[in-house]
Each structure stands twice: as C-alpha cells, then as structure tokens.
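Colleague: In our numbering, the protein residues as written are 1 to 866.
Each residue gets a CB set at the ideal place from its N, CA and C atoms; glycine is no exception.
These figures come from a predicted structure and were not determined experimentally.
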C-alpha cells in the first residue's frame, strides 16, 4: 500500500504506531493570568495548574465522546477549529508551541479501528513531553493519567473492542510555557485503522482529493523581490482548491491555522497545473507569511487542506569596506526603527539613538515593562533594552518622566537570580540567560545604588556587587574554555547584547571590567568573521533553530556580519537585539577581523574546542575548513547516539547562500515548541569525522525515529546530479554552485522527498543504520564538475562490520565507523586533542585565557586571566 493511501486507511501490525488520525488542535490558550509561576509539570507538585488541567480535560472529554469526521468544526473552551487529517510518517506524534508565559495546550484526536472479532485488547501508550492523556474507545474512557514523567515511559491498559468499527479517541492536555504534546499508541493485535472521512464521502473519492493534496509543493520558502509568491501544483486539480495568503507569526508550529476573523491578503483558485501566483513578492513587506490551501465541500466549507510557512525578504545592499562602516551603522538603525515582532523596545532604542525622540512609542516601552513586571520568559532580554534607555536618559531627559518612573518600577521589582523570592516562568539556566540576568542585576544596582529593590529587599549596591562578581567569572570562563552555546547563530547576538551593555556602562573606575567585556566581544566576533562563508555563519552550532538553519538570510548573526563587514543581511523583525546594541555602542571590533571576514583567497583549516559541557561530553571539538569556493564544518565525535534538542552538528556552505546539512528528526512538525523538530536538533546525534574537505556522518537511529535526511535545494544549485551509483553500492548526489563542488553519498541509498512542504528539496534515507559521506571540491583543483563527479563515483566505499573504508580521491584512505577508532592514511585520528583554537588566523590553548588574533601581518592579544 502506498504512503498516500496510508494517510487514510492502513493495516497496522501489532506493536506498530496506530494511525491515521483526524485531529482538533493544537489549541494554545494563554492562562498566565490564572496560572503564575512554574506549573505542576515543572515542579511535579500540585498547583492551580492542576485545576486548569482538569477543567480542560473535562471540556475535551465532552468533544471526544461525540463522533467526528474530517472537516467538522468544533468548539474547545471558546476556540473553534476543524477536524483535520494528520499526515505524518513519524512513530511519535507531537505538536507544540513555545510560549513566554503559561499556556494551556490541547490536542484531540479520533480514528476508527476495525476488528475482525470482539474481545479484550491491550493498548500501550508511549509519551512525548509530560501531559495529561485520555484514551476513549466507543465513547468510554479507558485510560486517564499523567504521562511522560520520564522520557520513554510507557503505560499499558486494556479495553474491549466490538466486532466491526470502533471509535478510538485521544485527548492530550498540558499547562506550562511549552504547549508541547505527544503520544504513541500501539495495540497487541493487527488491526485496520481508518481516518473518519467527511460525511457521505467514499474512500475512493477521498483518495482522489489526497492525490491532489500531495501534488502541491513549494519551490522555495524565502521569496525575494522580483519573484512571484505561491505554491506549485503538479496536476490539474479537479476541485480547484482555494489558495490564500495570510500574515504569518515567526516560529509557530506549522499546523496552526489562520485567524478566521481576518481577511486573507490574497486569494485564488488553483484550477490549472503549474505555479499558483498569489501576489508578487515585491508588493509585500518583509516578514513571515502563511499559504493555506483548502479543498472545499459543496457548501464552501473546508474538507481538508495544507498550511505552508514562508518568508518575504529583501536582501541588504552590498556595502563592503571600512569606508562604509558609518553608512552601514545608520542603515541598521533605520532598519530596526520598525518591527513586526514582540521585542519592541529595540525599535525605540534605534529611534532614541537617531535623535527621533518624538517618534518613540511609549506604549511599546510600557508593554516591555509589563513583560518584565509579570516575569514572563525572556524578560531578561527585555530588561536589557529598558536599562539601556534608562542609562542614556539619566543625562539626556528625553523620555516622559511618568514612563521613566514605570521603567524604574519594573527594574526595582525584578527577580534577578534564583536566590531571590517570587514566582516566575523565566528560564535562568542556560549560558545566555545567566549572563543576561547577571548584567541586568549589575546595571540596575549601579544605576540605583542606594535604592531598595522591592523584590529582594536589598540595596542597589548589593546587587551591583553580586552581578559584577558573576559577570567577571562568566567572561573568564568563556575566554578560557569557549562558549557552551558555541557558534550559535540564534544565541550569539543575545549574548552579545549584555556584553555591549557592560562595555558601554562600566564606570571609569571599573575600566578592567570594560576591557574584559571588550575581549569577550572580540572573541565572539572573531568566531563569526573566521567561521563564516560570504556572510553565512555556516559552522556547527551549539544551539540553533529551524529558520536560522534553513535560511541563512534569517540567521540572527547575519545583521552583525553586515554591520561590520558588509556581508550577511538585515533580517526582518526585531531579531536585532545584538546588532542594535552594537550599532549604538562605542565598541569597535579589531580591524583585522574585516580582512578575515572578506578573505576570498585563502584556504583555512581551524581546530576549535568549545565549552564546559555536561552530560555526554565535557566539550565540543569543531573542524572548520574554509576555501574560496565552499566551507565545510562539523563537531567531532560529539555525544553520538544522544538526544539533543538544538545542536546543529554539520554543514556545507556554498555561494549564493546555499547550504547542505543533515538531521535525524523525531517529528515532522516544526517550531520552537518542538525540540528537536523536523530540521533543527537531532533525536539521535551522529558520530562525525571530518578530514579537511571530507566528512563522514555515521547514524544509528533509535526506535522512535524513522529516517535521516539531507537538506538539498537542488533547484537553487547551478548544476546537480542525482541517483549516481557508487562503485561498491550506495548512491551519490552531486551539486555545483559557482566554482564549488559537493558530493554526497548515502550507504543505503536515498529517496528524493515527495511529500510535505519540502518535496523535491530533501534526500531521505530510511535505513536504521546509515553513513552519509561528503566530499567537497573546487574547480581550481578538479577542473570540470563532471570530472569531480566521475572521480567520486569511481572511488571505493566499502563497509565491513559497520566500519567504513573510503578511498578519497583527495585525502587518501579514511577508515571510520560507530565504534571504530578513526584512521587517516594509516594514522589514528584524535578528535578531542584540540586547543581552544588553532588556525592561521588565531591561536589559544584550551584553558589558558590567552588568545592571539593574526591576519595580514597584524597581531592582537586578548587576555582573560585578569
């Protein structure tokens, strides 16, 4: 049976995940006014959240007891949605949204089990994130309880199936910042499972529609001026589905639907095969959008549909060179005076810095203050901007005194660290959050040294002293051991912002602290300059998320590269926290970093060690191999086989902002509430070995995963070749961009993805164990692209007892595997004996605190042992 038919009806063997389903949700309702602080799921204790959870479960139970069909509408706690078909290949079904305050998350599901004969059966319920779960059979509740207290927990219960059709229903409920819900349900016998179809529709009629559904795809997710915006349909639809364009919300889960009470930005009927043009990209403001495709019934109501998330983006102009530094700085401030996102204080900082005091939006600052006063998550981001404005305004007095009083109230009442009293949903534990809280406490205490802080009861001098102590230790550790969130294209700017605040607002008598903050900034900006390719921070990342990985224009570090070196881009919205601080600061990076960032002649190999990590590794060792035509980077032998929510272990970066990378997902959903999701993080990390321009990624999947895949946007390359047989088995794929070549080999072959938003843009391998092999080359070394492809296709790649031997045309014999000690041309490879950094452009021993930058005959020393 094809995957297409299995979306509607399938014979599920004993012990396999039951599906298909129709679903109602994800519901994601703000309950922070009722449920403050950590909920029962974070504390495992009874709180008001438990009452909220029970009320939600009662509302869900009433809906689940009534049979539903695809396309039916239903109301859950005042929010109406339609039952929709679940099209997901994964074994553990998950939905999620990350929130900055407590939310109620809920997902309801129904399906039909057809039993050959009546009798008692045993269900096994597997868990995702902890939540309250209900299971009903024929309207009767057969299981209810908290699941997922520990990862991998399973719960067994029995129920009676009648002969013929049985209605199966599941409800999932959670209260917390993460509205993340997931489950896996199996049965101890084979059973036929079907999705409840629209009333009066046969399976053949519904299958005809489904063939049209999967015929829609996107050629790209980021649209630039000059492009028509819309999906492509590869068949002529019989029902002419409705295609609509809606404003989008960054980082939302893909299944969230549009607000039914607003009008779409554009609407057309897809009556022919080919590009369905909704609008011209040039006519849209930059930002996120949603494309909804709906098949309607005779009354005009949706039967089924798709939802794609896309972006409109206008590239920043090319303005390289130190002579354009001030022009770029002003352009940054102009760019970030407006926003479509939630951190609105940074817009006001740009207006203040430009002297546009009459344009400052006091309501935006009040909203930021309220965020801080309510101690919502990421309030430590917000308070950095509030404090920056307060420091400026204590001398200039441009803000309304009443607004300043509110800002002061927010600062004095804040919870600055875990040793202070008070409820909070703020996360304090990660590397960037620790620095943000410490800097905020130091700044607040230094600004109001004699004031009593209402939350702690301590004077400002106490807070400034405590904050400074933590700041200095944080900087010393980063300068000696690197960053735990190494090379993060999402969190580097967030970490840079408080360092800039320290640099700008340390008092004259504390010049040593200012110098230390400057050295930390120099080190982080060196990493961006050295380990980027044409403005793309294309290294491995200690933490990253899908939009920053897939779309280099969206990297939060892109604006910093453009500000200082004329590379990168200015991203939409207010993901500009770091770059705005830098653009309004007296800090300037070492001049030699400009040469590194813009160097397009040298081939540089860098060995780096990062962080003081816990769990499966004490640190992360990275290889970066940068040439004029490509860059290859990966983290070596790092926590193989482990679950990692947001680590990005390897990437190829080519010209024209083309990238290639691999992941092992746990879910086909996307968004910050699903960690890992389809493209960011890994349910299972690979074991990686990189020898300069050659890299092997060895994967052993775990039972709940279903594939590994490779991001491969073939239509954006200058040339590509697919399905090229290897000399000893396996399959190659090749691509060329400008004068850079890449060969990708899969031990067990691959398929070009045909479903989901990424149809035609991913290579998928379903083998439980697989090695993906990569070799990069250049026209300067190989001549033609064909010569490169032919040489790699003829190169022997053999496997014996899970050990790979590859006779690389450029690097010689490489032996590697899951347990094998790596060997290169007969010599063992030590993938952990790295310094903090060793490259032609920098050197530092791990733990020494002494750092030397080198470029073009210039040298600069950084010292972290002060």
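With a threshold of 6 angstroms on Cβ separation, who are the neighbours of residue 530 within its own chain once the five nearest residues in sequence on each side are excluded?
Modeller: Indexing the chain shown from 1 puts residue 530 at position 530. Once the five neighbours on either side are set aside, the close Cβ partners of residue 530 are 596 and 841.
Colleague: Expressed to the nearest angstrom, what Euclidean distance is found between the alpha-carbon atoms of residue 462 and residue 503?
Modeller: Working through the chain shown from its first residue, we reach residue 462 at position 462. Working through the chain shown from its first residue, we reach residue 503 at position 503. Spanning the two alpha carbons is a distance of roughly 21 angstroms.
Colleague: Can you name the residues that DSSP bridges to residue 634?
Modeller: Your numbering for residue 634 matches position 634 in the chain shown. Answer is 623 and 650.
Colleague: Between the alpha carbons of residue 114 and residue 649, how many angstroms are there, rounded?
Modeller: As a working mapping, residue 114 is identified with position 114 in the chain shown. As a working mapping, residue 649 is identified with position 649 in the chain shown. Looking at the two C-alpha atoms, the distance is approximately 44 angstroms.
Colleague: Within 10 angstroms of its Cβ, does residue 196 collect 16 or more other Cβ (buried), or is it exposed?
Modeller: For this step, residue 196 is matched to residue 196 along the chain shown. Burial call: buried.
Colleague: Is the distance from the Cβ of residue 12 to the Cβ of residue 193 below 7 angstroms?
Modeller: In the chain shown, residue 12 corresponds to position 12, counting from 1. In the chain shown, residue 193 corresponds to position 193, counting from 1. In contact: residue 12 and residue 193 (Cβ atoms closer than 7 angstroms).
Colleague: Can you list, in chain order, the residues of its chain with a C-beta nearer than 6 angstroms to that of residue 624? Leave out the 5 residues immediately preceding and following it.
Modeller: Taking the first residue of the chain shown as position 1, residue 624 is located at position 624. Same-chain partners within the cutoff: 531, 539, 606 and 633.
Colleague: Looking only at DSSP bridge pairs, what is residue 581 linked to?
Modeller: Taking the chain shown and counting its residues from 1, the one referred to as residue 581 is at position 581. Its beta-bridge partners do not exist; DSSP assigns none.
Colleague: In the DSSP assignment, the alpha helix (DSSP H) including residue 493 goes from what residue to what residue?
Modeller: One-based indexing of the chain shown puts residue 493 at position 493. Taken as a continuous stretch (DSSP letters only), the alpha helix (DSSP H) holding residue 493 covers 492-505.
Colleague: Report, in whole angstroms, the separation of the C-beta atoms of residue 584 and residue 349, which I expect to be a contact under 8 angstroms.
Modeller: If you number the chain shown from 1, residue 584 lands on position 584. If you number the chain shown from 1, residue 349 lands on position 349. With 8 angstroms as the limit, residue 584 and residue 349 qualify as a contact, their Cβ atoms being about 6 angstroms apart.
Colleague: Is the Cβ-Cβ distance between residue 715 and residue 737 less than 7 angstroms?
Modeller: Translated into the one-based positions of the chain shown, residue 715 becomes position 715. Translated into the one-based positions of the chain shown, residue 737 becomes position 737. For residue 715 and residue 737, no; Cβs fall outside 7 angstroms.
Colleague: May I have the straight-line CA-CA distance separating residue 524 from residue 562, to the nearest angstrom?
Modeller: The residue labelled residue 524 in the question sits at position 524 within the chain shown. The residue labelled residue 562 in the question sits at position 562 within the chain shown. Roughly 15 angstroms between the two C-alpha positions.
Colleague: If you count every other CB in all the chains shown that lies within 10 Å of the CB of residue 657, and 16 or more means buried, which is it?
Modeller: Position 657 of the chain shown, counted from the first residue, corresponds to residue 657. With 16 or more Cβ atoms within 10 Å of its Cβ, residue 657 is classed as buried.
Colleague: Can the beta-carbon of residue 104 be found less than 7 angstroms from the beta-carbon of residue 180?
Modeller: By 1-based counting over the chain shown, the position of residue 104 is 104. By 1-based counting over the chain shown, the position of residue 180 is 180. Not in contact: residue 104 and residue 180 (Cβ atoms no closer than 7 angstroms).
Colleague: Which of helix, strand or coil does DSSP assign to residue 556?
Modeller: Position 556 of the chain shown holds residue 556. Looking at residue 556 - three-state DSSP - the assignment turns out to be coil, as it is neither helix nor strand.
Colleague: Quick one: any contact between the stretch 215-231 and the stretch 767-776, if contact means 3 or more CB pairs under 8 angstroms?
Modeller: No, they do not touch.
Colleague: Applying the criterion that 16 or more other CB atoms from any shown protein chain within 10 Å of the CB defines a buried residue, is residue 565 buried or exposed?
Modeller: The count along the chain shown starts at 1 and reaches residue 565 at position 565. It is buried - the Cβ of residue 565 has at least 16 other Cβ atoms within 10 Å.
Colleague: Give the straight-line distance between the Cα atoms of residue 307 and residue 218, rounded to the nearest whole angstrom.
Modeller: Within the chain shown, the letter at position 307 stands for residue 307. Within the chain shown, the letter at position 218 stands for residue 218. Their backbone Cα atoms lie some 11 angstroms apart in a straight line.
Colleague: Would you report the Cα separation of residue 55 and residue 146, rounded to the nearest angstrom?
Modeller: Position 55 of the chain shown, counting from 1, holds the residue named residue 55. Position 146 of the chain shown, counting from 1, holds the residue named residue 146. Taking the straight line joining both Cα atoms gives about 15 angstroms.
Colleague: Considering only residues of the same chain and omitting the five flanking positions on each side of residue 856, which have a CB-CB separation below 7 angstroms?
Modeller: As a working note, residue 856 is residue 856 in the chain shown. If we look at residue 856 and ignore the five residues flanking it on each side, its Cβ neighbours are 592 and 595.
Colleague: Go to residue 467, then tell me how far its beta strand (DSSP E) extends in each direction, as first and last residue.
Modeller: Here the question's residue 467 lines up with position 467 in the chain shown. Run containing residue 467: none in the beta strand (DSSP E); it sits in the alpha helix (DSSP H), 460-481.
Colleague: Ignore the nearest five residues each way along the sequence and tell me which others in residue 22's own chain have a CB closer than 8 angstroms to its CB.
Modeller: As a position in the chain shown, residue 22 is number 22, starting the count at 1. Within the same chain, residue 22 has close Cβ partners 68, 69, 70, 83, 84, 85, 86, 109, 110, 111, 195 and 196.
Colleague: May I have the straight-line CA-CA distance separating residue 52 from residue 76, to the nearest angstrom?
Modeller: On the chain shown, residue 52 is found 52 positions in, with the first residue counted as 1. On the chain shown, residue 76 is found 76 positions in, with the first residue counted as 1. Residue 52 and residue 76: Cα-Cα distance of roughly 14 angstroms.
Colleague: If you follow the beta strand (DSSP E) that residue 360 is part of, which residue opens it and which one closes it?
Modeller: As a working mapping, residue 360 is identified with position 360 in the chain shown. Per DSSP, residue 360 belongs to no beta strand (DSSP E) and is neither H nor E.
Colleague: Can you tell me which of 273, 244 and 274 puts its alpha carbon nearest to the alpha carbon of residue 262?
Modeller: As a first step, residue 262 is located in the chain shown; it is residue number 262 there, counting from the start. When each option's Cα is compared against that of residue 262, the closest is 244.
Colleague: Any contact of the stretch 688-703 with the stretch 774-791, i.e. 3+ C-beta pairs under 8 angstroms?
Modeller: They touch, by the three-pair rule.
Colleague: I'd like the list of long-range same chain contacts for residue 549, defined as Cβ closer than 7 angstroms, with 5 residues on each side in sequence excluded.
Modeller: Residue mapping note: residue 549 aligns to position 549 of the chain shown, counting from 1. Taken in chain order, the residues that qualify are 648, 661, 679 and 680.
Colleague: Considering only C-alpha positions, which residue in the set 546, 805, 708 and 792 is nearest to residue 89?
Modeller: To locate residue 89, count along the chain shown from 1; it is residue 89. Nearest option by C-alpha distance: 708.
Colleague: Using a 10 Å radius around the Cβ and a threshold of 16 neighbouring Cβ atoms, would you call residue 863 buried or exposed?
Modeller: Taking the first residue of the chain shown as 1, we reach residue 863 at position 863. With fewer than 16 other Cβ atoms within 10 Å, it is exposed.
Colleague: Quick one: using the 10 Å Cβ neighbour count with 16 as the cut-off for buried, is residue 154 buried or exposed?
Modeller: Within the chain shown, the letter at position 154 stands for residue 154. Classification for residue 154: exposed.
Colleague: Once DSSP output is grouped into helix, strand and coil, what is the label at residue 34?
Modeller: Your numbering for residue 34 matches position 34 in the chain shown. DSSP places residue 34 in coil when its eight states are reduced to three.
Colleague: Around the C-beta of residue 577, are 16 or more other C-beta atoms found within 10 angstroms, so that it is buried, or is it exposed?
Modeller: Locating residue 577 in the chain shown gives position 577, counting from the first residue. Classification of residue 577: buried, given that the 10 Å Cβ count is 16 or more.
Colleague: Taking the alpha helix (DSSP H) that residue 700 falls in, what are its first and last residues?
Modeller: Locating residue 700 in the chain shown gives position 700, counting from the first residue. Per DSSP, residue 700 belongs to no alpha helix (DSSP H); it is in the beta strand (DSSP E), 694-700.
Colleague: Taking only three categories from DSSP, how would you classify residue 428?
Modeller: The residue labelled residue 428 in the question sits at position 428 within the chain shown. Correct three-state label for residue 428: coil.
Colleague: Going by DSSP, what residue range makes up the alpha helix (DSSP H) through residue 401?
Modeller: Residue 401 sits at position 401 when you count from the first residue of the chain shown. Counting along the chain, the alpha helix (DSSP H) containing residue 401 begins and ends at 401-412.
Colleague: Compute the Euclidean distance between the alpha carbons of residue 694 and residue 742, then round it to the nearest angstrom.
Modeller: Position 694 of the chain shown, counted from the first residue, corresponds to residue 694. Position 742 of the chain shown, counted from the first residue, corresponds to residue 742. Rounded to whole angstroms, residue 694 to residue 742 spans 10 angstroms at the Cα level.
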